[in-house]
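Novice: Numbering (the numbering used here), first residue to last: 477 to 740. By construction, the Cβ of each residue, glycine as well, lies at the ideal position given by its N, Cα and C atoms. Here you go, one structure.
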C-alpha cells in the first residue's frame, strides 16, 4: 500500500466562469437537478471557492462544477468568482486533489476576507476603508447590522472600482438601511453608476428607492428576472431606473431598450 502523502499548493485568484472547463477525471457527471436546487437559493457568500487547475490556457474545475453551473445560471457566464488556482498538475494529480478536497470542510468567504484583511491585501483593505468611511462595518453580526455579503462587495470592487462601490453603499444605507445590504442591490447600483455616471441624481435616487421600499424592489426585480431570464443584478438595475424615472424631475434613458426586453 502506498502511504505517500501528496501535497498541493494553490493561490487565490479571480476567474471568469466562461474560462473554466470541467476536468473529466476529477469530476462526476453533472447532476442538473442539483444545479437547479443550488440556483434557486444561490448565495455567493456561502458557495465556497471553486478549485481549478490551470493548464493549456484553461482553468479546469477540479472541485465545484455544480456551484459553477449554478453561478452561471444566476450571475451570468461573464462574471468572475474567487478560486483556488493550482498549476502544473497532471490529470492524476487532479483526481487525487478532488478526493482530498472532499474530505476537508471549506472556509467561508468571510473567513477568507478577514484573513486577507489581516494580511494587508490591497483589495480587501480598500473595501474595508470604503465601508468604514460610510460608518459601515463588514462582518457577520446581524444584531450589530454588519454587512455580511462580502463576496458581493469584492466582486463589485473588482468589476466597477471603489467609486461605484462607495456610491452603491451610500444609496443603500440612506434608502434602505441594513435590510438593503444584499448582493443584488449592491451589484445593481454599481451597474447604474457605471452606466449613467453623474447624470444620475443621487439624492433623487435615494428618495425614489426609499419611497418604494426594499420589498417592492425585490418583488419587481424578481418578476423581471422570471420574464427575461437575465442576471439578477441587471433586473434590479432595470427596476431601479423605472422607479427613478417615475414622477417629475430629471430622467435618464431606460436600462433596457423599449420593445427589446433584456437589451442592454
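Can you confirm whether residue 704, when its beta carbon is compared against all beta carbons of chain C, has any partner nearer than 8 angstroms?
Specialist: No chain C is present in this structure, which holds just one protein chain.
Novice: Hey, how far is the Cα of residue 571 from the Cα of residue 674?
Specialist: As a first step, residue 571 must be located in the chain shown, where it is residue number 95. As a first step, residue 674 must be located in the chain shown, where it is residue number 198. Spanning the two alpha carbons is a distance of roughly 51 angstroms.
Novice: Quick check: the Cα distance between residue 535 and residue 577, rounded to an integer number of angstroms?
Specialist: Within the chain shown, the letter at position 59 stands for residue 535. Within the chain shown, the letter at position 101 stands for residue 577. Distance between the alpha carbons of residue 535 and residue 577: 17 angstroms.
Novice: Spatial neighbours of residue 573 within its chain, please: CB distance less than 6 angstroms, with the 5 preceding and 5 following residues excluded, ordered by chain position.
Specialist: Position 97 of the chain shown, counted from the first residue, corresponds to residue 573. So the list reads 484, 538, once near-sequence residues are dropped.
Novice: In the DSSP output, what is residue 496 paired with across the bridge?
Specialist: Reading the chain shown from its first residue, position 20 is the one you call residue 496. BP columns for residue 496 point to 535.
Novice: Excluding sequence positions up to five away, which residues of its chain have a Cβ less than 7 angstroms from the Cβ of residue 544?
Specialist: For the purposes of this step, residue 544 is taken as the residue at position 68 of the chain shown. Around residue 544: 493, 496, 526, 537.
Novice: Spatial neighbours of residue 690 within its chain, please: CB distance less than 7 angstroms, with the 5 preceding and 5 following residues excluded, ordered by chain position.
Specialist: Mapped onto the chain shown, residue 690 falls at position 214. 652, 655, 656, listed in sequence order.
Novice: Based on DSSP bridge pairs, tell me the residues matched to residue 559.
Specialist: In the chain shown, residue 559 corresponds to position 83, counting from 1. Answer is 489, 526, bridged to residue 559.
Novice: With a threshold of 8 angstroms, are at least 3 pairs of Cβ atoms found where one atom belongs to the stretch 503-523 and the other to the stretch 587-599?
Specialist: no
Novice: On a CA-only basis, which of 600, 519, 595, 506 is nearest residue 709? Give me that one, please.
Specialist: Start at 1 with the first residue of the chain shown, and residue 709 comes out as number 233. That would be 519, whose Cα lies nearest to the Cα of residue 709.
Novice: What number of angstroms, rounded off, separates the C-alpha of residue 670 from the C-alpha of residue 568?
Specialist: On the chain shown, residue 670 is found 194 positions in, with the first residue counted as 1. On the chain shown, residue 568 is found 92 positions in, with the first residue counted as 1. Their Cα atoms are separated by approximately 44 angstroms.
Novice: Can you grab the Cα-Cα spacing for the pair residue 557 / residue 688, in whole Å?
Specialist: Looking up residue 557 in the chain shown gives position 81. Looking up residue 688 in the chain shown gives position 212. Roughly 32 angstroms separates the two Cα atoms.
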